[in-house]
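Chemist: Start counting at 1 in the sequence shown, then tack on 190, and there's your number in the working numbering. For reference, the structure I am asking about is given below.
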Amino acid sequence: MRTIKELNKRKVPIVIIDESLDKYDDVILFPDNLAKANEMLRTIGLPKDKKKRHA
């Protein structure tokens, strides 16, 4: 077993992916909210960047 100090020194976090969530890949869980968000994006658009980009 690894100690907390060893885990804190790592550059890459330790992540365990729960593969039982794969069943939700192609399922739309909140269709009303998705339709509302798509309509807002269609009418209003994305927000502008606050920072000016220098080329």
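We put the beta carbon where it would ideally sit given N, CA and C, even for glycine. Note that the coordinates shown come from a computational prediction; the quantities given were computed from them, not determined experimentally.
Express the C-alpha separation of Asn-198 and Leu-236 in angstroms, rounding to a whole number.
Modeler: 38 Å
Chemist: Measuring straight from C-alpha to C-alpha, what distance separates Pro-203 and Glu-209?
Modeler: 18 Å
Chemist: Measuring only the C-alpha atoms, how far is Asn-223 from Leu-231?
Modeler: Distance between the alpha carbons of Asn-223 and Leu-231: 12 Å.
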